[in-house]
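Chemist: Every letter in the sequence shown is one number past the one before it in full-length UniProt numbering, and letter 263, counting from 1, is 263.
The structure follows.
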Amino acid sequence: LQLYSSSLDGSIKLWDFMDGIPIKTFTVGFKLLALYTVASSEDSVFVVIPKSGERDTFQLVSVKLTKAAGQDLEAKELSVVLDGVDVSPKCIAFGREGAYVASVKDVNLQVYFFKQKQLNRFSVSATKTKSGNNRFTCIACHPTEDCIATGHADGKIRLWRNFCHKKEYTFSTLHWHHDTVMDLAFSVEGTSLLSGGVESVLVLWHNESDCQKDFLPRLGSAIEYISMSSDGALCCTLHTDNRISIINSNLRFSKSIQGLIKSTAVKTGLVVDPRTKALVLNGEPGHLQFYCLQSDQQLFSLDIVQRQYIHQAGLNQADLVKVAFSAQGKWLATVEEREEVTDPELQLKLWFYDEETQSFKLNTRINTPHEDHITDMCFRDMDELEDDSLILVTAGRDCVFKVWVMVEDTDPEAQQSVSWSCDFVGSYHNYQATNCCFSEDGSLLAVSFEETVTVWDSVTWDLKCTFCHPPGKIRNICFGRLTCSKYLIGATDYGFLCCWNLLSCALEWSAHLNVLVLQPDPLSEHIAAVSWLSKESSLFVFKPNEPRPIYIQRNLCKEKIQLAAFVPRDEPEMIGTEKYLWLRRSQLFFLTDMQELMTLSAKSLEERLTPSSKQLAVEESLPVTPFSLLLGKHRRQQSQEDIDLGKLVVRNKPEQDSPAVKELLHTPAHVLPSASFLCPVFINSLLISKENKSAEEVADEVEMESEKTEDDSDEEREVTEMEQEDTSPMELLGEMTCKLSKSQEKELRKIRKVDYSWISAF
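Here it is as structure tokens:
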């Protein structure tokens with residue numbers, strides 16, 4: 001087996017499976033967009049490159065890889081196979097063990113036979129079809145026969161035969177999908193065909209017959225790719241929501257690999273669940289996903305809309321747009337809306353967390369809480385008053401903000417004792433309300449109305465003051481926290497970041513910065529601002545009382561960052577450099593417009609891969625398996641033999657496995673670094689440093705050395721005493737006292753150091 005990879009810099013690399021390092025690098029000199037290998041052509045690969053001199057036109061090129069000695073080589077022999085191809089891997093396929101290659105684009109089909117060096121072109125626009133949209137979307141070739149299957153935008157599948165002739169070709173049609181056919185795949189033997197589309201249904205066609213087909217429905221989202229295993233026992237499907245489904249050959253669901261669900265649009269923002277520290281955002285259509293950052297798994301999905309989603313383009317269906325949690329996570333507020341021609345259909349729902357069922361239950365449903373779209377909402381973050389005076393504020397395009405409070409439910413048939421109702425409606429000069437947030441102590445509420453920020457008393461709902469920094473509408477607002485709680489931060493869509501002092505009611509400072517995201521850290525004074533300039537995102541971290549940022553990271557990524565969230569750590573992290581001290585209590589996460597989740601880390605690459613490789617004594621609870629039982633029995637026998645022989649063995653406890661080994665075995669293989677990188681880390685984790693001796697070992701060594709010194713000195717003193725006794729016998733006539741010799745005192749000191757605390761157990 002050989003593994004090849006291509007990059008946009010124009011190089012092809014041949015990799016070593018064991019070491020994970022490239023064996024050879026071939027320089028092609030063109031931007032490589034796709035790579036294909038064929039078993040019958042061992043010394044050549046096929047790549048898709050841009051056609052020189054023409055925009056948005058691509059070619060399929062054969063590259064001959066030289067077998068010369070050396071690691072860095074140049075691939076000079078290039079030959080064009082197909083012209084005008086699509087860069088998508090679903091639009092190019094090799095058939096009959098590499099005898100020909102076929103490509104589809106728009107309404108054109110190209111087939112090139114390598115042995116005959118013959119190129120045939122077909123167009124579905126010239127064929128006799130009853131449907132309108134015949135555009136090709138995907139292609140698959142039969143593994144052993146001259147048969148090509150093509151998928152089309154009208155939901156039809158066409159099977160082409162006899163295409164070695166330009167005029168005598170034939171095709172048959174299979175039709176079940178009501179929308180675009182996303183991908184096709186033949187079985188290993190070629191006896192069946194798999195197809196998938198936006199219906200989230202995998203269709204298995206038998207013997208190329210329209211009457212013989214089986215279905216595997218409810219796979220969650222549209223099927224984007226289909227792949228068969230080499231032995232034909234399994235197939236897997238890749239879905240548009242970032243899920244991989246593994247399916248048996250008999251069309252039975254086996255397993256799902258799911259991390260962060262990719263939705264059509266993240267309208268809820270990045271919200272942190274105070275109870276589980278999970279990221280909460282849009283998931284499946286109409287659902288809210290709770291994503292665990294530590295395990296890269298979905299904790300659970302909450303059905304908010306509670307309606308069946310229909311996979312059909314053009315339908316206006318209810319969608320989840322806003323989410324907010326109370327400070328302790330007991331209450332959840334959601335907003336769902338459906339676009340209509342005249343006015344939107346809105347629903348505000350409040351959910352209460354049930355401790356018995358460990359899930360959220362719907363408490364109150366409010367139809368049409370605002371006359372227009374809800375732009376923002378927030379709870380009053382007061383931990384000690386959450387149960388007594390919990391407040392929810394919603395802001396809308398209908399030029400008002402509303403205050404919702406809990407009241408006792410007077411309905412005798414109601415299942416819950418409390419419900420929610422509107423308590424106050426505020427407005428400012430008939431401007432649209434765009435953002436809202438509470439101060440840290442909950443005493444003030446800030447609501448932005450287009451270009452103006454208003455500050456309200458949360459008890460009397462009196463307007464206290466207003467701030468304005470024209471030109472430009474207010475895009476984001478937030479209060480400072482802890483020692484910076486007297487400041488209010490705002491960002492405008494005209495490219496200004498402003499800081500107002502609430503005590504003096506004046507502008508403290510301003511900076512010209514195009515801020516897209518403004519996110520405060522709930523556990524510190526730090527605020528993160530993400531800007532977008534010159535097609536790159538940059539990060540600025542600052543304190544409101546200091547206009548100069550404490551951390552700047554330019555060119556954070558090339559994608560536009562749309563959302564960000566600080567996630568509190570379970571324990572403060574030990575950070576050595578002052579540059580990253582703001583990450584000590586919380587971790588910052590970003591979500592780009594491509595729905596890629598990123599984070600900043602103060603650790604090096606080695607520390608992130610093996611974070612606990614230096615800690616050798618970590619108790620691990622091993623799963624009870626036949627191997628672990630056998631290993632435990634062997635360890636007990638070895639330990640007993642060591643005791644019987646009376647050997648003093650200095651080693652690490654066998655029951656305490658090295659975390660380096662644990663992470664090496666438990667980390668998925670596709671994310672492991674090369675073996676050359678892991679080997680030194682693993683070897684170093686097994687070494688015991690002499691400098692890291694415990695205090696008891698050092699004390700014992702000092703005591704042994706002192707006792708040895710005392711033994712030598714006692715012998716010298718005894719000889720001196722004997723000489724003194726011989727020379728001065730008259731001294732014995734004096735007063736006689738009971739005095740111990742030096743050797744007896746030494747024995748007495750040893751007895752005093754013996755621990756007799758075990759006697760207390762009796």
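Backbone N, C-alpha and C fix where the C-beta goes; we use that ideal spot for every residue, glycine too.
Treat the numbers as computed from the prediction; the structure is a model and nothing was measured.
Using the C-alpha atoms, what's the distance from D273 back to K213?
Modeler: Position 213 of the sequence shown holds residue 213. Position 273 of the sequence shown holds residue 273. Roughly 45 angstroms separates the two Cα atoms.
Chemist: Excluding the 5 residues preceding and the 5 following G480 in the sequence, name in chain order all residues of the same chain whose CB lies nearer than 6 angstroms to its CB.
Modeler: Position 480 of the sequence shown holds residue 480. Once the five neighbours on either side are set aside, the close Cβ partners of G480 are Y487, P544.
Chemist: Please go through the same chain and pick out, in chain order, the residues whose beta-carbon is closer than 8 angstroms to the beta-carbon of S510, but skip the five residues on each side of it.
Modeler: To locate residue 510, count along the sequence shown from 1; it is residue 510. Same-chain partners within the cutoff: H469, F496, L497, C498, C499.
Chemist: Is it buried or exposed, Q294, if we count other Cβ atoms within 10 angstroms and call 16 or more buried?
Modeler: Sequence index remark: in the sequence shown, residue 294 carries index 294 (1-based). Q294 comes out exposed.
Chemist: Inspect the beta-carbon positions of L179 and G151 and report whether they are closer than 8 angstroms.
Modeler: Along the sequence shown, read from residue 1 onward, the residue named residue 179 stands at position 179. Along the sequence shown, read from residue 1 onward, the residue named residue 151 stands at position 151. According to the sequence as given, residue 179 is Asp; it is not Leu. In this structure, G151 does not lie closer than 8 angstroms to D179 by Cβ.
Chemist: Report yes if the CB atom of A149 is closer than 8 angstroms to the CB atom of V87, and no otherwise.
Modeler: Start at 1 with the first residue of the sequence shown, and residue 149 comes out as number 149. Start at 1 with the first residue of the sequence shown, and residue 87 comes out as number 87. No, the pair does not count as a contact, with Cβ atoms beyond the cut-off.
Chemist: Could you name the residues of the same chain whose beta carbon sits closer than 6 angstroms to that of L184, not counting the 5 residues immediately before and after it, in chain order?
Modeler: Residue 184 sits at position 184 when you count from the first residue of the sequence shown. Answer for L184: C138, A140, A149, G151, S195, listed in chain order.
Chemist: How far does the beta strand (DSSP E) with L78 in it reach, from first residue to last?
Modeler: Locating residue 78 in the sequence shown gives position 78, where the first residue counts as 1. Its beta strand (DSSP E) spans residues 78-85.
Chemist: For T375 and E336, I'd like the C-alpha separation in whole angstroms.
Modeler: Stepping through the sequence shown from its first residue, residue 375 is reached at position 375. Stepping through the sequence shown from its first residue, residue 336 is reached at position 336. Those two C-alpha atoms are separated by around 12 angstroms.
Chemist: So who's on the other strand from Y487, going by DSSP bridges?
Modeler: Against the sequence shown, residue 487 aligns to sequence position 487. Partner(s): N501.
Chemist: Alpha carbon to alpha carbon, what distance is there between W176 and K13?
Modeler: Stepping through the sequence shown from its first residue, residue 13 is reached at position 13. Stepping through the sequence shown from its first residue, residue 176 is reached at position 176. Going by the C-alpha atoms only, they are around 42 angstroms apart.
Chemist: Measuring straight from C-alpha to C-alpha, what distance separates L513 and T460?
Modeler: Numbered from its first residue, the sequence shown carries residue 513 at position 513. Numbered from its first residue, the sequence shown carries residue 460 at position 460. Cα-Cα distance, rounded: 36 angstroms.
Chemist: Answer with buried or exposed for N476, where buried requires no fewer than 16 other C-beta atoms within 10 angstroms of its C-beta.
Modeler: Residue numbering aside, residue 476 sits at position 476 when the sequence shown is read from its first letter. N476 comes out buried.
Chemist: Can you tell me where the beta strand (DSSP E) holding I139 begins and where it ends?
Modeler: If you number the sequence shown from 1, residue 139 lands on position 139. Start and end: 136-141.
Chemist: Determine the DSSP secondary structure at W420, reduced to helix, strand or coil.
Modeler: Taking the first residue of the sequence shown as 1, we reach residue 420 at position 420. In the structure shown, W420 sits in a strand (DSSP, three-state: E or B).
Chemist: Give the DSSP bridge partners of S743, in chain order.
Modeler: Position 743 of the sequence shown, counted from the first residue, corresponds to residue 743. For S743, which the question treats as bridged, DSSP gives no partner whatsoever.
Chemist: Would you kindly work out how many angstroms separate the C-alpha atoms of V403 and V393, rounded to a whole number?
Modeler: Here residue 403 refers to the residue found at position 403 when the sequence shown is read from its first residue. Here residue 393 refers to the residue found at position 393 when the sequence shown is read from its first residue. Looking at the two C-alpha atoms, the distance is approximately 5 angstroms.
Chemist: In angstroms with no decimal places, state the Cα-to-Cα distance between N316 and E571.
Modeler: Residue mapping note: residue 316 aligns to position 316 of the sequence shown, counting from 1. Residue mapping note: residue 571 aligns to position 571 of the sequence shown, counting from 1. C-alpha separation (whole angstroms): 45 angstroms.
Chemist: Grouping DSSP H, G and I as helix and E and B as strand, with all else coil, what is A213?
Modeler: As a position in the sequence shown, residue 213 is number 213, starting the count at 1. Checking the displayed sequence, the identity of residue 213 turns out to be Lys instead of Ala. Three-state DSSP puts K213 in a strand.
Chemist: Suppose the cutoff is 8 angstroms on Cβ atoms and the five residues either side in sequence are ignored; what does the same chain contact list for V418 look like?
Modeler: Indexing the sequence shown from 1 puts residue 418 at position 418. Here the set comprises N363, M406, V407, E408, D409.
Chemist: Given a cut-off of 8 angstroms on the beta-carbon distance, is the pair G490 and V517 in contact?
Modeler: Numbered from its first residue, the sequence shown carries residue 490 at position 490. Numbered from its first residue, the sequence shown carries residue 517 at position 517. Cβ atoms of G490 and V517: not closer than 8 angstroms.
Chemist: L332 by DSSP, collapsed to three states: which one?
Modeler: Locating residue 332 in the sequence shown gives position 332, counting from the first residue. Strand, per DSSP.
Chemist: Quick check on DSSP: helix, strand or coil for T561?
Modeler: Here residue 561 is taken as the residue at index 561 of the sequence shown, counted from 1. Rather than Thr, the amino acid found at residue 561 in this sequence is Ile. I561: strand per DSSP, three-state reduction.
Chemist: Would you mind stating whether E145 and M182 have Cβ atoms separated by less than 8 angstroms?
Modeler: Taking the first residue of the sequence shown as 1, we reach residue 145 at position 145. Taking the first residue of the sequence shown as 1, we reach residue 182 at position 182. No, these two residues do not count as a Cβ contact at 8 angstroms.
Chemist: For I244, which option in E596, G259, W351, T466 has the closest C-alpha, if you only look at C-alpha atoms?
Modeler: Here the question's residue 244 lines up with position 244 in the sequence shown. The shortest Cα separation from I244 among E596, G259, W351, T466 belongs to G259.
Chemist: Would N367 and L320 qualify as a contact pair, given that the criterion is a beta-carbon distance under 8 angstroms?
Modeler: Position 367 of the sequence shown, counted from the start, is the residue given in the question as residue 367. Position 320 of the sequence shown, counted from the start, is the residue given in the question as residue 320. Not in contact: N367 and L320 (Cβ atoms no closer than 8 angstroms).
Chemist: Using C-beta distances below 7 angstroms, list every residue in its chain close to C484, excluding the 5 sequence neighbours before and after it, in chain order.
Modeler: Looking up residue 484 in the sequence shown gives position 484. Only E525, K543, P544, N545 meet the Cβ criterion.
Chemist: Which of helix, strand or coil does DSSP assign to G734?
Modeler: Working through the sequence shown from its first residue, we reach residue 734 at position 734. Confidence in G734 is poor, its pLDDT being 37 and thus under 50, which makes the residue's placement too unreliable to answer from.
Chemist: In this structure, does DSSP put S694 in helix, strand or coil?
Modeler: Position 694 of the sequence shown, counting from 1, holds the residue named residue 694. With a pLDDT of only 47 at S694, under 50, the local geometry of the prediction cannot be trusted, and the value read off the model is given with reservation. In the structure shown, S694 sits in coil (DSSP, three-state: anything other than H, G, I, E or B).
Chemist: Determine the direct distance from the alpha carbon of L687 to that of V650, and round the result to whole angstroms.
Modeler: Working through the sequence shown from its first residue, we reach residue 650 at position 650. Working through the sequence shown from its first residue, we reach residue 687 at position 687. Any answer about V650 is weak, because its pLDDT of 37 lies below 50 and its placement is not dependable; what the coordinates show is given next. For V650 and L687, the distance between alpha carbons rounds to 12 angstroms.
Chemist: With DSSP collapsed to three states, give me the class of A185.
Modeler: Taking the sequence shown and counting its residues from 1, the one referred to as residue 185 is at position 185. Reduced to three states, the DSSP call for A185 is strand.
Chemist: Return yes when the Cβ of L65 is within less than 8 angstroms of the Cβ of E45, no when it is not.
Modeler: Numbered from its first residue, the sequence shown carries residue 45 at position 45. Numbered from its first residue, the sequence shown carries residue 65 at position 65. It should be pointed out that residue 45 corresponds to Val in this sequence rather than to Glu. Against a cut-off of 8 angstroms, the Cβ pair of L65 and V45 comes out as a contact.
Chemist: My understanding is that N162 touches T170, with C-beta atoms under 8 angstroms, so please give their C-beta distance in whole angstroms.
Modeler: Translated into the one-based positions of the sequence shown, residue 162 becomes position 162. Translated into the one-based positions of the sequence shown, residue 170 becomes position 170. Indeed they touch by this definition, with Cβ atoms about 5 angstroms apart.
Chemist: Please confirm whether S200 and A222 have their CB atoms less than 8 angstroms apart.
Modeler: Here the question's residue 200 lines up with position 200 in the sequence shown. Here the question's residue 222 lines up with position 222 in the sequence shown. Cβ distance < 8 angstroms, so S200 and A222 count as in contact.
Chemist: Tell me where the beta strand (DSSP E) around C436 begins and ends.
Modeler: Here residue 436 refers to the residue found at position 436 when the sequence shown is read from its first residue. Run containing C436: 433-438, per the beta strand (DSSP E) assignment.
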